[in-house]
Ligand SMILES: [Zn+2]
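Residue numbers (my numbering): 66 to 300.
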């Protein structure tokens, strides 16, 4: 039985779903080795990763709608899927990840991973296997970059709103009640207080209300920043 299995392996006739990237290019021994390498790691032996990894609640971080959006903008749908998977699993060997996510080619998942890696959202450690010159890659999600990017995003928006508030204090605005177009006082006067789009009479914007909603948004953003800070403190 053992002999049969060995011969099967030597011919490269692995079970369905196994990584076939080496087929035709590498020796039978290398293919068998590649399959052994592809086995899910029982324990993560790359101690430095675990030591340096922060024990932060990454799932909690993903609760921020902007967090998902940010990852999506970097890696697209598949990138977000990979990122969420790594958040869930921790440190994962790449061919194991490919199998679990149903990605047939290792190169495909590598391309996705490098997209995220180029922006610092994931990182890896590699480990040499045996005497041969290739490495096994272990990937993990890297929250630091995401936290910093989101914080910057929130702070930028607060700055923008504050500028708009200053402007609102000195300027009068008018709005079309039908198509909601906003006009500054000068344009409204030039248009005879009529909407240039639909001709309706413009109404004066209640500046107090506008300011209040802007202040509310600032408070919301400040809460989000405070939430982000809780992740930074949990070192
Ligand atoms: Zn209008």
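Idealized CB from N, CA, C, for every residue including glycine.
Nearest Cα to residue 147 within the set 156, 160, 134 and 177: 177. Boundaries of the alpha helix (DSSP H) harbouring residue 147: 130-154, taken from the DSSP string.
The DSSP assignment places complete beta strand (DSSP E) segments of no fewer than 3 residues inside the stretch 185-261 at 187-193, 200-206, 238-240 and 247-249, in order along the chain.
Around residue 143, the same chain offers 177 as residues with beta carbons nearer than 6 Å, after the five sequence neighbours per side are excluded. Counting the other Cβ atoms within 10 Å of the Cβ of residue 243 gives fewer than 16, which makes it exposed. Closer than 8 Å to some heavy atom of ligand 1: that describes the Cβ of residue 243. For residue 266, the three-state secondary structure derived from DSSP is strand. Assignment of residue 169 by DSSP, reduced to helix, strand and coil, places it in the coil class.
Residue environment for residue 250: exposed (fewer than 16 other C-beta atoms within 10 angstroms of its C-beta).
Taking the Cα positions, residue 197 is about 39 Å away from residue 135. Relative to residue 267, the option among 189, 234, 238 and 280 whose CA is nearest is 238.
Rounded to whole angstroms, residue 214 and residue 132 show a C-alpha spacing of 9 Å.
Rounded to the nearest whole angstrom, the C-alpha separation of residue 125 and residue 279 is 26 Å. In the DSSP annotation of this structure, the continuous segment of the alpha helix (DSSP H) that includes residue 126 starts and ends at 123-126. Here residue 240 is not near residue 286, since their CB atoms are 9 Å or more apart. Spatial neighbours of residue 276 in its own chain (CB-CB distance under 7 Å, excluding positions within 5 residues in sequence) are listed in chain order as 230 and 233.
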